[in-house]
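**Student:** Below you will find the structure I want to go over with you.
In this note's numbering, the protein residues as written are 2 to 93.
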(Lines of atoms letter the chains of each structure in order from A and count residues from 1; the text may use other names and numbers.)
(Lines give C-alpha, C1' and ligand atoms only; values in the text may rest on other atoms or scores of the structure.)
Protein backbone atom coordinates (compact mmCIF):
# COMPACT_ATOMS: atom_id res chain seq x y z
CA UNK A 1 0.00 0.00 0.00
CA UNK A 2 1.44 3.37 -0.95
CA UNK A 3 1.29 6.34 1.37
CA UNK A 4 -0.37 9.48 0.01
CA UNK A 5 1.89 12.49 -0.26
CA UNK A 6 1.85 13.87 3.27
CA UNK A 7 3.66 17.12 2.43
CA UNK A 8 2.06 20.54 2.65
CA UNK A 9 -0.44 20.83 -0.18
CA UNK A 10 -0.60 24.62 0.07
CA UNK A 11 1.77 25.23 -2.86
CA UNK A 12 0.01 22.68 -5.07
CA UNK A 13 -3.39 24.17 -4.21
CA UNK A 14 -2.12 27.70 -4.95
CA UNK A 15 -0.80 26.69 -8.37
CA UNK A 16 -4.10 25.10 -9.34
CA UNK A 17 -6.01 28.07 -7.90
CA UNK A 18 -3.98 30.59 -9.93
CA UNK A 19 -4.83 28.68 -13.11
CA UNK A 20 -8.54 28.54 -12.19
CA UNK A 21 -8.66 32.27 -11.39
CA UNK A 22 -6.93 33.07 -14.69
CA UNK A 23 -9.82 31.32 -16.48
CA UNK A 24 -12.09 33.98 -14.95
CA UNK A 25 -9.98 36.66 -16.63
CA UNK A 26 -8.14 37.69 -13.47
CA UNK A 27 -4.37 37.48 -13.85
CA UNK A 28 -2.59 37.44 -10.52
CA UNK A 29 0.19 35.95 -8.47
CA UNK A 30 -0.56 34.24 -5.20
CA UNK A 31 1.07 33.95 -1.82
CA UNK A 32 -0.24 31.13 0.33
CA UNK A 33 0.22 30.55 4.05
CA UNK A 34 -1.77 27.65 5.39
CA UNK A 35 -5.44 28.56 5.00
CA UNK A 36 -4.71 32.11 3.84
CA UNK A 37 -4.18 33.04 0.21
CA UNK A 38 -3.14 36.54 -0.82
CA UNK A 39 -4.06 37.54 -4.37
CA UNK A 40 -1.74 40.02 -6.09
CA UNK A 41 -3.60 40.99 -9.27
CA UNK A 42 -1.96 42.81 -12.15
CA UNK A 43 -3.32 46.33 -12.80
CA UNK A 44 -5.33 45.17 -15.80
CA UNK A 45 -7.23 42.64 -13.64
CA UNK A 46 -8.31 45.07 -10.91
CA UNK A 47 -11.31 46.17 -12.97
CA UNK A 48 -12.51 42.56 -13.26
CA UNK A 49 -12.34 42.21 -9.46
CA UNK A 50 -14.65 45.20 -9.06
CA UNK A 51 -17.52 43.04 -10.27
CA UNK A 52 -19.37 41.37 -7.35
CA UNK A 53 -19.98 38.26 -9.48
CA UNK A 54 -16.28 37.91 -10.25
CA UNK A 55 -15.33 38.38 -6.60
CA UNK A 56 -17.86 35.74 -5.55
CA UNK A 57 -16.48 33.34 -8.17
CA UNK A 58 -12.90 33.96 -7.00
CA UNK A 59 -13.91 33.37 -3.36
CA UNK A 60 -15.70 30.14 -4.32
CA UNK A 61 -12.58 28.94 -6.16
CA UNK A 62 -10.44 29.73 -3.13
CA UNK A 63 -12.72 27.64 -0.91
CA UNK A 64 -12.73 24.79 -3.45
CA UNK A 65 -8.93 24.78 -3.38
CA UNK A 66 -8.81 24.49 0.42
CA UNK A 67 -8.29 28.10 1.52
CA UNK A 68 -10.36 29.61 4.31
CA UNK A 69 -9.20 33.23 4.13
CA UNK A 70 -8.52 35.47 1.13
CA UNK A 71 -6.75 38.81 0.94
CA UNK A 72 -6.21 41.07 -2.05
CA UNK A 73 -3.18 43.32 -2.38
CA UNK A 74 -3.94 45.94 -4.99
CA UNK A 75 -1.12 46.91 -7.33
CA UNK A 76 0.87 50.01 -6.46
CA UNK A 77 4.17 51.61 -7.31
CA UNK A 78 5.53 50.22 -4.03
CA UNK A 79 4.83 46.59 -4.87
CA UNK A 80 8.17 45.05 -5.69
CA UNK A 81 10.06 48.05 -4.28
CA UNK A 82 13.03 47.43 -2.06
CA UNK A 83 12.27 46.94 1.61
CA UNK A 84 14.18 50.14 2.44
CA UNK A 85 11.18 52.07 1.08
CA UNK A 86 9.01 50.82 3.97
CA UNK A 87 8.78 52.49 7.35
CA UNK A 88 11.08 51.01 10.00
CA UNK A 89 9.62 48.63 12.53
CA UNK A 90 10.41 49.70 16.09
CA UNK A 91 11.41 46.86 18.37
CA UNK A 92 11.96 46.71 22.13
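Glycine is no exception: its CB is placed at the ideal position from the N, C-alpha and C atoms.
1) Beta strand (DSSP E) containing residue 42: first to last residue?
2) With distance defined between alpha-carbon atoms, name the residue in 74, 78, 64 nearest to residue 35.
3) Helix or strand or just coil, what does DSSP make of residue 30?
4) Per DSSP, what are the beta-bridge partners of residue 72 in this structure?
**Tutor:** Let's see:
1) Working through the chain shown from its first residue, we reach residue 42 at position 41. Element bounds for residue 42: 37-42.
2) As a first step, residue 35 must be located in the chain shown, where it is residue number 34. Of the listed residues, the one whose Cα sits closest to residue 35 is 64.
3) Here residue 30 refers to the residue found at position 29 of the chain shown. In the structure shown, residue 30 sits in a strand (DSSP, three-state: E or B).
4) Counting from 1 along the chain shown, the entry for residue 72 is found at position 71. Residue 72 is bridged to 39.
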